[in-house]
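The sequence shown lines up with residues 4 to 375 when you count with the working numbering.
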Amino acid sequence: MKFAEIIETIRISFEAMKANKMRSFLASMGVVVGISIVILMGWVLGGLDSAMMDTFNILGTDMLYVDKWDWAGGKSWKEVRQRKPITLEQVNQFSNKIKSADVAFPSAVNWMGGTIKYNNKSLENIQIMGTTSMHGSTSGGAILMGRHFSLFDDEIAPNVVVLGHGVYKSMFNDDNPLDKTIKIDGHKYRIIGVIKKQGTMLLDFIDNRAYIPLKRFIGTYGKYDRSFSINIKAGSEDMLPEVYAETRGLMREIRNIGPYDEDDFSINSVKAFEDQVAKIRLYVWGVGIGITVLSFIVGIIGIMNIMFVSVTERTKEIGIRKAIGARKRSILLQFLVESSTLCFMGALISLAGCSLLVFLAATYIPTIWEGW
């Protein structure tokens, strides 16, 4: 086939599509839907992986959290609720005995939420957390401005507070909050620091916290009928198995658990989130692949039907072309070019639309999320 003949065949194909614009557009829609789903599915999974990594960084890949509650949800709610609280005395015993960990310190949260007031502004349902100066040595205690608690704050327990990033933004916007006085549940506190932004779509509540010295927390909210948490920094991921084993053994000893009895506490880590996200990824992939295959089938059938109609409509034209010497492969090439162009148009529309959508999402969604 000569080059001029190929060019002429392509020109005829484009003229035929131009004469039937709406039909050509509708024929390419199936391809648009299929490719768009593939692109968006990859975007969603990429965002999920990014959120997962952010979550790991916040919680710390070398951190263990001993708690009454099981993050992974492996136990029934009723069973976990009936567990005895982890007392402050048990936490102190553990902290004194643990050998393999770099850091082990207690924390407690007022899950009912507190009220923070500054001038005429008021924030409700803010998590008030009691912790120690050791919290500042973890990724969750990284300071944006000011400082974290000192050993003096641990011992004397003055009315000082470190604000989570969300509380700081809501209360002060971008103003300097250091050394200003706020009220937490009616008690005055001086702001000494602000935690860096840490919230992700999996842990957005972390930014809406206010941290006060543990002794001050106990004096305000009490320690009885309250379960404390133990935050353990292993030092590295390689040390986690050793620290985990020692932690489990010590907690069983401290809580007087018999050799054949189950643990009445949980040792949580980022592994709990990793397993949950792996399940979510599997579901997204399954649904996405199913919809994609279905969309491509619909698109292929649509283009096939359109081309069938196109061939039927141009039966006389085909006959005339054959009568004046056109080859079968020239006619076949014309329809192949038409169908290929329809698919290519669908791919271009998909790429352009998804690129615009991703750009708008990257521009506006983080701003909206921070506003929440």
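Cβ coordinates follow ideal geometry from the N, Cα and C atoms, glycine included. Predicted model only: the values in this text are computed from it and were never measured.
Checklist entry - Can you give the beta carbon distance from Val165 to Gly133, rounded, assuming they're within the 8 Å contact cut? => result At roughly 11 Å, the Cβ-Cβ gap does not stay under 8 Å, so Val165 and Gly133 are not in contact.
Checklist entry - Can you find a CB in chain D that lies within less than 8 Å of the CB of Glu245? => result The structure shown has no chain D; it contains just one protein chain.
Checklist entry - Going by DSSP, what residues sit across from Ala104 in a beta bridge? => result Ala104 pairs with nothing; no bridge assigned.
Checklist entry - Given Trp372, which residues of its chain have a CB within under 7 Å of its CB, disregarding the five upstream and five downstream residues? => result Low confidence applies to Trp372: its pLDDT is 43, below 50, so where it sits in the model is not reliable enough to give any reading.
Item to check | Distance between Asn99 and Pro109 (C-alpha atoms, nearest Å) | outcome: Cα to Cα, the separation comes out at about 12 Å.
Next on the checklist: Among the candidates Tyr171, Asp278, Asn271, Lys71, whose CA atom is the shortest distance from the CA of Pro244?
Outcome noted: Asn271
Next on the checklist: Once the 5 residues before and after Asn211 are set aside, which same chain residues still bring their CB inside 7 Å of it?
Outcome noted: Ile129, Gln130, Gly167, Gly169, Val170
Next on the checklist: DSSP three-state label for Asn234, please.
Outcome noted: strand
Next on the checklist: So the candidates are Leu126, Val106, Asn122, Leu154; which of them puts its Cα closest to the Cα of Thr141?
Outcome noted: The candidate whose alpha carbon is nearest that of Thr141 is Val106.
Checklist entry - What is the rounded straight-line gap between the Cα of Lys120 and the Cα of Lys191? => result 9 Å
Next on the checklist: Taking the beta carbon of Ile327 as the centre, do at least 16 other beta carbons fall within 10 Å, making it buried, or is it exposed?
Outcome noted: exposed
Checklist entry - Taking DSSP as the reference, what is the three-state secondary structure of Val94? => result In the three-state scheme derived from DSSP, where H, G and I count as helix and E and B as strand, Val94 is classed as helix.
Next on the checklist: What residue range does the alpha helix (DSSP H) around Ser173 cover?
Outcome noted: 168-175
Checklist entry - What is the DSSP secondary structure of Leu181, reduced to helix, strand or coil? => result Residue state, collapsed to three classes: coil.
Checklist entry - What three-state label does DSSP hand Arg193 in the structure shown? => result In the structure shown, Arg193 adopts extended strand secondary structure according to DSSP, grouped into three states.
Next on the checklist: If the criterion is Cβ atoms closer than 8 Å, does the pair Leu345 and Ser27 meet it?
Outcome noted: Cβ distance < 8 Å, so Leu345 and Ser27 count as in contact.
Item to check | DSSP three-state assignment for Lys120, whether helix, strand or coil | outcome: Three-state DSSP puts Lys120 in a strand.
Item to check | Distance, Gly189 Cα to Trp375 Cα | outcome: Any reading at Trp375 must be qualified, since the residue scores a pLDDT of 41, below 50, and its modelled position is unreliable; the value itself is stated next. Near 25 Å, if we compare the C-alpha coordinates of Gly189 and Trp375.
Checklist entry - Do Ile260 and Leu67 have their CB atoms nearer than 8 Å? => result The criterion of a C-beta distance shorter than 8 Å is not satisfied by Ile260 and Leu67.
Checklist entry - Nearest to Ile187 by CA position, among Gly116, Lys81, Asp177, is which residue? => result The candidate whose alpha carbon is nearest that of Ile187 is Gly116.
Item to check | Sequence-distant residues of its chain with Cβ nearer than 7 Å to His151 (five each side left out) | outcome: Ser136, His138, Gly139, Gly144, Val165, Gly196
Item to check | Beta-carbon contacts of Tyr214 that lie in its chain and below 6 Å, excluding the five residues immediately before and after | outcome: Met132, Thr134, Val165
Item to check | Among Ile194, Ser125, Ala111, nearest to Tyr224 - alpha-carbon criterion | outcome: Ala111
Next on the checklist: Starting from Asp2, trace the alpha helix (DSSP H) in both directions and tell me its first and last residue.
Outcome noted: This structure cannot settle anything about residue 2, because the visible part of the chain is limited to 4 through 375.
Checklist entry - From Ser358 to Ile352, what does the alpha carbon distance come to, in whole angstroms? => result Near 10 Å, if we compare the C-alpha coordinates of Ile352 and Ser358.
Item to check | Simplified DSSP state of Phe17, which is helix, strand or coil | outcome: helix
Checklist entry - CB Arg324 to CB Ile309, shorter than 8 Å? => result no
Checklist entry - Lys274: which of Ile257, Glu249, Glu240, Ile300 sits nearest, CA to CA? => result Glu240
Item to check | Contacts around Gly305, its chain only, beta-carbon distance under 8 Å, and the 5 residues preceding and following it disregarded | outcome: Leu29, Ala30, Met32, Gly33
Checklist entry - Among the residues of its own chain, which have a CB less than 8 Å from the CB of Arg229, if the five just before and after it don't count? => result Spatial neighbours of Arg229 in its own chain (CB-CB distance under 8 Å, excluding positions within 5 residues in sequence) are listed in chain order as Pro88, Ala111.
Checklist entry - What's the gap between the Cα of Ile42 and the Cα of Glu277? => result 24 Å
Checklist entry - Any idea if Arg14 is buried or exposed, counting beta-carbon neighbours within 10 angstroms, 16 or more meaning buried? => result exposed
Checklist entry - From the DSSP output, which residues share a beta bridge with Met148? => result Paired residues: Val197.
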